[in-house]
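J.: Starting off with a structure, shown below.
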Amino acid sequence: MLFPPQPKWHTYDFDGGAAGQWTLYKNTETRATLSFPSRTDHGKAARLDVNQLVEARDDGKYLVNLRTHHVPRRLGGFETVSLDLRGEGLESLRIYLRRKDTERWRSELIPVTSTWKNQTLDLANFVYQERASTWTDWGPRKWKSMDSVQMIQLKVGTGVNSVGANGLVEVDNLVFGQKETSP
Numbered sequence: 122m123l124f125p126p127q128p129k130w131h132t133y134d135f136d137g138g139a140a141g142q143w144t145l146y147k148n149t150e151t152r153a154t155l156s157f158p159s160r161t162d163h164g165k166a167a168r169l170d171v172n173q174l175v176e177a178r179d180d181g182k183y184l185v186n187l188r189t190h191h192v193p194r195r196l197g198g199f200e201t202v203s204l205d206l207r208g209e210g211l212e213s214l215r216i217y218l219r220r221k222d223t224e225r226w227r228s229e230l231i232p233v234t235s236t237w238k239n240q241t242l243d244l245a246n247f248v249y250q251e252r253a254s255t256w257t258d259w260g261p262r263k264w265k266s267m268d269s270v271q272m273i274q275l276k277v278g279t280g281v282n283s284v285g286a287n288g289l290v291e292v293d294n295l296v297f298g299q300k301e302t303s304p
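Going by our numbering, the sequence shown opens with residue 122, and the numbers climb by one from there.
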């Protein structure tokens, strides 16, 4: 057997070691921080505090991404991704699954509400995108399997919220799984 059987789900809950696997990536001009506070109503969660989304001087993009390179070996074996999400001030979040710098899958916009809400997305509905180089724009392409994803990104910047926006987003229980199972 080349690979062990695919587990039914893979969870990032931020209560244990998973918090140390996630980092903040942002453009220099944007003011934002990442923390993992404990909540009496929800346990530990990843929290992005955005003081202001500011366009970068060189390309006009504004970035605030929560990202990890600790990805299940074969993400393509999963059918759904779900997460608990809440926030204030920022309207949306998007999930990006990157194979490399020139290939990714993009989720629909996920609305952020003021109370915790579990949201489940079908991975088959993610848009597959490619670009010629890191300096060119992304474009949709024919869908490909997610067999080798190198990075998971949760984004609130360009293409998700308006420049100048501020607020916070909290995420917990990010789960990749099957349609008929849950942890």
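Each residue gets a CB set at the ideal place from its N, CA and C atoms; glycine is no exception.
What do you get for G298, buried or exposed, if any count of 16 or more other CB atoms within 10 angstroms of its CB means buried?
T.: So G298 ends up on the buried side.
J.: For the candidate residues G285, K300, T279 and N294, whose alpha-carbon lies nearest to that of Y146?
T.: Answer by Cα proximity: T279.
J.: With a 10 Å radius around its C-beta and 16 neighbouring C-beta atoms as the bar for buried, classify T201 as buried or exposed.
T.: T201 should be labelled buried.
J.: Leaving out the 5 sequence neighbours to the left and right, which residues in its chain are closer than 7 Å to D134 when beta-carbon positions are compared?
T.: Cβ neighbours of D134 beyond the five flanking positions: D293 and N294.
J.: Decide if N239 is buried, meaning its Cβ has at least 16 other Cβ atoms within 10 Å, or exposed.
T.: Burial call: exposed.
J.: Suppose only complete runs of 3+ residues qualify. What are the beta strand (DSSP E) ranges in the stretch 232 to 263, listed by chain order?
T.: Segments of the beta strand (DSSP E) lying fully in the stretch 232 to 263: 238 to 243 and 248 to 251.
J.: Between the stretch 149 to 163 and the stretch 171 to 179, are three or more C-beta pairs nearer than 8 Å?
T.: At 8 Å Cβ cutoff, the stretches touch.
J.: Quick one: give me the first and last residue of the beta strand (DSSP E) that T201 is part of.
T.: Counting along the chain, the beta strand (DSSP E) containing T201 begins and ends at T201 to E209.
J.: Kindly indicate the opening and closing residues of the beta strand (DSSP E) around D170.
T.: Unbroken beta strand (DSSP E) run through D170: A167 to Q173.
J.: When the Cα atoms are used, what is the spatial distance from R188 to R215?
T.: Using only the alpha carbons, I get a separation of about 12 Å.
J.: To which residues does DSSP link A153 through a beta bridge?
T.: Looking at the DSSP assignment, A153 forms a beta bridge with V171.
J.: Between Y162 and L169, what straight-line distance do the alpha-carbon atoms span, to the nearest angstrom?
T.: In the sequence on display, residue 162 carries Asp and not Tyr. Computed Cα separation, rounded: 18 Å.
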